[in-house]
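Using my numbering, the letters of the sequence shown map in sequence onto residues 15 to 214.
A virtual CB, placed ideally from N, CA and C, is assigned to each residue, including glycine.
Keep in mind the model is a prediction, meaning the values are calculated, not measured.
Let me begin by presenting the structure, written as structure tokens, before commenting on it.
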Amino acid sequence: MRHFYNIISYIFHPLFIPIGGTILYFFVAPYSTLEMQSGNIVPIFILTVIIPIIFFLILKNLGVISSIFLPTIQERKYPLYISCIIFLMILYKVIPNNYVHELFYFFTGLLTATGTALLLLFIKFKTSIHLLGMGSILMFMIGLSIHFETNITLAISLFTLLTGLVATSRLYLKSHTRNELLIGFLIGCCSQLIILKYWL
């Protein structure tokens, strides 16, 4: 069972949330073009997956972090700083070149959530980044469904179940307390919910 929950934690690692939300958007959006898709998906994948992996390897070799799951509060600060910088680069450099209104606000929400998680570290509170990411995607899915008037209820229901599975895996592995999971989920949901009024 532990092996199963470890796999779940890797599959739904926060590293994949930005590119996951981007691909989800292009699946749902009725008017996306191939040029728009390649202009956003490729650079976002490089910036949010490839570059963080390179930084992780560097930080691990330097002894700054010990695991991809960042078990301690001190280890979490550097990756969150890097994430904030990457999200700013996407907002100011990537999306303006192939402007996608909805994606701009999705990444604004991710930046807000990541910044909030970083601030909480300074009061010694370790937010669950896994649940932060799942909450962000879930609320973004609901927003896309309303915005494009598309029925993706089945996908939303499935993702809700997966969110519960991720939360269970983090509890089983003793990576977080219930409060850390709940706060992470609420930060993810609320960061997207607050900005819905700007793009719905």
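- Looking at the backbone, the Cα of Thr62 and that of Leu73 are separated by about 16 Å.
- DSSP places Asn75 in the helix class (H, G or I) of the three-state scheme.
- Val63: not part of any alpha helix (DSSP H); DSSP gives it neither H nor E.
- By the criterion of a C-beta distance shorter than 7 Å, Ile67 is surrounded by no residue of its chain, once the five residues flanking it on both sides are discounted.
- Remark: C-beta atoms of Thr174 and Phe199 do not approach each other more closely than 9 Å.
- With the rule of 3 Cβ pairs closer than 8 Å, the region 101-111 does not count as touching the region 82-89.
- Per DSSP, the continuous alpha helix (DSSP H) segment holding His115 begins and ends at His115 to Leu135.
- Take Leu158, set aside five residues on each side of it, and the residues of its chain with a beta-carbon closer than 8 Å to its own are Leu38, Tyr39, Val42, Ala43, Glu116, Thr164 and Ile166, in chain order.
- Our two residues, Ile58 and Thr126, have alpha carbons roughly 18 Å apart in a direct line.
- Residue range Ile31 to Val42 is occupied by the alpha helix (DSSP H) that includes Val42.
- For His17, the enclosing alpha helix (DSSP H) begins and ends at Arg16 to Ile25.
- DSSP places Phe199 within a helical segment (H, G or I) once states are collapsed to three.
- Counting the other Cβ atoms within 10 Å of the Cβ of Ser81 gives fewer than 16, which makes it exposed.
- In the three-state reduction of the DSSP assignment, Leu48 falls in the helix class, which pools H, G and I.
- Of the other Cβ atoms in all chains shown, fewer than 16 fall within 10 Å of the Cβ of Gly77; this residue is therefore exposed.
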